[in-house]
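One structure is given here, and the rest of the page talks about it.
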Amino acid sequence: MKNKYVRILAVLSCLLMLLPVVVSAASYKTYTYSIDGAQLLSPDAYTPNRQIDSVEMNLPVTVNDKGEQVRETLNTPDDLVVDSKGNVYIADSSNNCIYALDSNFKFRFKITSFVNSQGVDDALSGCKGCFVTDKYIYVADTNKNRIVIFDLEGKYVRHLDEPEADIFEDNAIYKPIALAVDATERLYVVSSTTYQGILSLDKNGVFQAYVGAQKVAYSTWDIFWRQFQTAKQRALSVKNVPTEYNNITIDSTGFIYVTTSSIDEGNQQNAIYNKSGEYAPVKKYNAAGKDILGRNGFYGPGGEVWVNYSPIKSDITGASKIIDVALGPAGSWSIIDEKRSKVYTYDQYGQLLFIFGDKGSMLGNIQKVSAIAYQGTNILLLDSTSKTITLYSRTEYGDILIKALQNEIDRNYDAAVTDYQDILQRNSNFDAAYIGIGKAYYRQSKYAEAMKMFESAYETANYSNAFKMQRQQWANKYFIVIPIVVVVILVAIVKFFGYAHKVNKSVTTSSGKRTFKQEVMYAFHVIFHPFDGFWDLKHEKRGSVRGAVFYLVLALIAVCYNSVGKAYIFNPRASYSSMFMTCISLLVPVILWVIANWCLTTLFDGEGSIRDIFIATCYSLVPLILFMIPATALTNVFTLNEASIYNMLISIGWAWVMLLLFFGTMVTHDYSLLRNVLTSIGTVVGMAFIMFCGVLFSTLLVKMVNFISGIVTEITYRM
Numbered sequence: 016m017k018n019k020y021v022r023i024l025a026v027l028s029c030l031l032m033l034l035p036v037v038v039s040a041a042s043y044k045t046y047t048y049s050i051d052g053a054q055l056l057s058p059d060a061y062t063p064n065r066q067i068d069s070v071e072m073n074l075p076v077t078v079n080d081k082g083e084q085v086r087e088t089l090n091t092p093d094d095l096v097v098d099s100k101g102n103v104y105i106a107d108s109s110n111n112c113i114y115a116l117d118s119n120f121k122f123r124f125k126i127t128s129f130v131n132s133q134g135v136d137d138a139l140s141g142c143k144g145c146f147v148t149d150k151y152i153y154v155a156d157t158n159k160n161r162i163v164i165f166d167l168e169g170k171y172v173r174h175l176d177e178p179e180a181d182i183f184e185d186n187a188i189y190k191p192i193a194l195a196v197d198a199t200e201r202l203y204v205v206s207s208t209t210y211q212g213i214l215s216l217d218k219n220g221v222f223q224a225y226v227g228a229q230k231v232a233y234s235t236w237d238i239f240w241r242q243f244q245t246a247k248q249r250a251l252s253v254k255n256v257p258t259e260y261n262n263i264t265i266d267s268t269g270f271i272y273v274t275t276s277s278i279d280e281g282n283q284q285n286a287i288y289n290k291s292g293e294y295a296p297v298k299k300y301n302a303a304g305k306d307i308l309g310r311n312g313f314y315g316p317g318g319e320v321w322v323n324y325s326p327i328k329s330d331i332t333g334a335s336k337i338i339d340v341a342l343g344p345a346g347s348w349s350i351i352d353e354k355r356s357k358v359y360t361y362d363q364y365g366q367l368l369f370i371f372g373d374k375g376s377m378l379g380n381i382q383k384v385s386a387i388a389y390q391g392t393n394i395l396l397l398d399s400t401s402k403t404i405t406l407y408s409r410t411e412y413g414d415i416l417i418k419a420l421q422n423e424i425d426r427n428y429d430a431a432v433t434d435y436q437d438i439l440q441r442n443s444n445f446d447a448a449y450i451g452i453g454k455a456y457y458r459q460s461k462y463a464e465a466m467k468m469f470e471s472a473y474e475t476a477n478y479s480n481a482f483k484m485q486r487q488q489w490a491n492k493y494f495i496v497i498p499i500v501v502v503v504i505l506v507a508i509v510k511f512f513g514y515a516h517k518v519n520k521s522v523t524t525s526s527g528k529r530t531f532k533q534e535v536m537y538a539f540h541v542i543f544h545p546f547d548g549f550w551d552l553k554h555e556k557r558g559s560v561r562g563a564v565f566y567l568v569l570a571l572i573a574v575c576y577n578s579v580g581k582a583y584i585f586n587p588r589a590s591y592s593s594m595f596m597t598c599i600s601l602l603v604p605v606i607l608w609v610i611a612n613w614c615l616t617t618l619f620d621g622e623g624s625i626r627d628i629f630i631a632t633c634y635s636l637v638p639l640i641l642f643m644i645p646a647t648a649l650t651n652v653f654t655l656n657e658a659s660i661y662n663m664l665i666s667i668g669w670a671w672v673m674l675l676l677f678f679g680t681m682v683t684h685d686y687s688l689l690r691n692v693l694t695s696i697g698t699v700v701g702m703a704f705i706m707f708c709g710v711l712f713s714t715l716l717v718k719m720v721n722f723i724s725g726i727v728t729e730i731t732y733r734m
């Protein structure tokens, strides 16, 4: 018996080993976000390797006022840059210098004082940023309002004074804090006090243009109040200015990436949720100043998504404060959140790859991150509080991920599929892998397989493209059958309306009790001839309550089918409302309209009874049935680009219903046009009033029940 239990335990242990487990060796968790905004744990793409302080950097030793030898330390490290050889440069604004380190983080030289082009001793002051090319070191000498250029050995070359242009405001202040330089030596400068955008300068420092001005944000009150202000009052009022940028970098093709942290938090989160470039904390500009950053993930790039709740009490909430951006391999790029000391990495399409990092003093955690840079396969984070650099090494998982991205760029689709499948074995939550496999299948013309992958990642845009190609193949295969089916459907529609016209015409010349079929068919006369149609509904009894109920039930079926019957492209998250709530969404407005209209028209000499109003209202729903059911069915053959056709059909159906309700009220009560307009508006107001009374009554009823229940409970306890 004992051996039997041992064997069972051994089998269970083996099965547990086969289960996929995400294990983090770092002092933080690595994760991504699902389409619902939930955090999904991921294997570590980067793990902390070591922390480099001033001692390990071997910064120079100086003699203080007491004659003691003291090693220099980083004071206020603001920026971190790595050149093409892996050398590291740190801008320290309090020490007024640039520290140059080799690829092993050992001190090479320090840029602080120099002899300028006039032969005068000069020095940097409050330099907050730098940029390194294959030829020069560019320093943003913030306090002296200039850009100073040195060669790669730290020797002074020249400097670019504050630019001048007629476009500048009289009180404009030039405070360069970050810059980037393209292959033609054109400079893009971020000035902390410039709100019109990034300053574009030629290699001689001559102003060329502003690039990428941020949009001005007005509050609702500002917009309302400005409508009543004179031009003089507007000029004297406090100016709303665009938000300024705080950092910048540039890629090999000349596109510039910029970040900002002064956007209103609500606007920033809305931009992330809506995947909009407006009020986004990170942007990618082309030479024309147009934001071309890809935002193809579940959310737009911009840091934390889940910002209003934290599972740990001490965690920080609120929108991310993005302060720097760095470009990685295979089109990847990263931004840092100063508030949380986290790194957010995206691919070239703006899809989230991973998030890692946290605040703290353990290895891998950052107390206050101030800059980020890539050094080969490593990531470097600068900590302005601990005055250290933390080096993060890429893991095997990260290597496979970057390899997959590069294979996709190189069009090695078979290899990319293999890499992404390897990733999914390690991390089944990684939606970008499904998308990557789907794209590879798509380019190999395997559209059905691509659609399955895109569906797994809720990627509707690419799913739509694959479906379009599969639909084209299907159309080519059945190119003879499809026109025949379309013609048959059109002929059937024409025959049906012809038959309805024939039935309605025969009833006109006959007498006697109307049959249910005749009452139902008359709706197709009403929708095309509302004036005499609604007149006959009331005076000739061409409709009935049972016919009205029939069309009300069909309308309920139509809205329920629309809720559950749309194709994946139009309902990717399969978010279905309950049948009860779907029916209520149509049934309640119909009932409220009938009651409110009857109450109002009774007071204003309306000639229609509540029966007449109910019949006219339900017969008015016929266009909704005729348009909503076919439109919902057509979603199974429509692509995302054809969604406007679906929306147009639904809109036509509802607009037709509104017109029929309007003319039905007019004919039923024998009102003039003006009186009918006022009655219709009054009916809508009456519906709102009835709803208010209903909510108020139900609230009071609940409170009364709770009060009585409390009294009964109290009496029970005292007995």
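When we follow this note's numbering, the leftmost residue of the sequence shown carries the number 16, and every step to the right adds one. Just so you know, even glycine gets a beta-carbon here, dropped at the ideal spot from N, CA and C.
For residue i, which of the options has the nearest alpha-carbon?
i       : options                               : result
Ala-334 : Asn-282, Tyr-364, Val-579 and Gly-365 : Asn-282
Ile-640 : Val-568, Lys-305 and Ala-180          : Val-568
Phe-165 : Thr-157, Asp-149, Lys-159 and Leu-95  : Asp-149
Thr-62  : Tyr-114, Lys-44 and Lys-299           : Lys-44
Asp-100 : Asp-136, Gly-317 and Thr-392          : What sits at residue 100 in the sequence shown is Lys, not Asp. Of the candidates Asp-136, Gly-317 and Thr-392, the one whose C-alpha sits nearest the C-alpha of Lys-100 is Thr-392.
Lys-305 : Lys-159, Tyr-566 and Val-226          : Val-226
Arg-86  : Val-76, Asp-80 and Val-506            : Val-76
Gly-513 : His-540, Leu-649 and Phe-494          : His-540
Ala-570 : Thr-632, Ala-507 and Phe-531          : Thr-632
Phe-549 : Val-221, Leu-674 and Ile-152          : Leu-674
Met-377 : Arg-65, Ser-695 and Thr-714           : Arg-65
Asn-422 : Ala-345, Glu-353 and Ile-381          : Ala-345
Phe-222 : Ala-180, Tyr-260, Asp-185 and Leu-552 : Ala-180
Gln-436 : Lys-517, Pro-498, Tyr-456 and Asp-156 : Tyr-456
Thr-274 : Thr-405, Tyr-151 and Ala-195          : Ala-195
Have a look at residue i and residue j and give me their C-alpha separation to the nearest angstrom.
i       : j       : result
Gly-697 : Asn-612 : 8 Å
Leu-216 : Ser-356 : 33 Å
Val-717 : Val-727 : 15 Å
Ser-600 : Leu-396 : 53 Å
Leu-342 : Ile-213 : 19 Å
Trp-489 : Ile-271 : 43 Å
Cys-614 : Gln-533 : 31 Å
Tyr-732 : Ile-705 : 40 Å
Val-204 : Asn-577 : 53 Å
Tyr-104 : Ser-349 : 19 Å
Asp-80  : Asp-107 : 22 Å
Tyr-364 : Ala-448 : 13 Å
Tyr-171 : Val-97  : 20 Å
Glu-293 : Met-72  : 42 Å
Thr-384 : Ser-276 : Just to set this straight, residue 384 is Val in the shown sequence, not Thr. About 14 Å.
For residue i, which beta-bridge partners are listed by DSSP?
i       : result
Leu-416 : Leu-416 pairs with nothing; no bridge assigned.
His-174 : Val-163
Phe-124 : Ala-115
Asp-627 : BP columns for Asp-627 are empty, so no partner.
Asp-68  : The partner list for Asp-68 (beta bridge, DSSP) is empty, contrary to what the question assumes.
Asn-262 : Thr-274
Who are the Cβ neighbours of residue i in its own chain at under 6 Å, not counting the five residues just before and after it?
i       : result
Asn-586 : none
Glu-168 : none
Gln-284 : Ala-334
Lys-159 : Ser-140
Closer than 8 Å by C-beta to residue i: which residues in its own chain qualify, once you throw out the five before and the five after it? Chain order, please.
i       : result
Lys-402 : Asp-68, Ser-69, Thr-88, Leu-89, Asn-90 and Pro-92
Ser-479 : Ile-584, Thr-654, Leu-655 and Asn-656
Leu-688 : Met-681
Ala-187 : Thr-208 and Thr-209
Lys-254 : Model confidence at Lys-254 stands at a pLDDT of 46, short of 50, so the residue's coordinates are unreliable; what they give is reported in the following sentence. So no residue of the chain qualifies.
Take residue i and list the residues in its own chain whose beta-carbon comes closer than 7 Å to its own, dropping the five residues that flank it on each side.
i       : result
Asn-111 : Thr-127, Ala-138, Leu-139, Ser-140, Gly-141 and Cys-142
Tyr-288 : Tyr-314
Ala-463 : Gln-485
Gln-459 : Tyr-428
Ile-625 : Val-609 and Trp-613
Glu-200 : Lys-218
So, under 8 Å CB-CB, residue i and residue j are touching, yes? Tell me the CB distance rounded to an integer number of Å.
i       : j       : result
Glu-622 : His-554 : With a Cβ gap of about 10 Å, Glu-622 and His-554 do not count as contacting.
Asp-434 : Ile-415 : 6 Å
Gly-144 : Ala-193 : 4 Å
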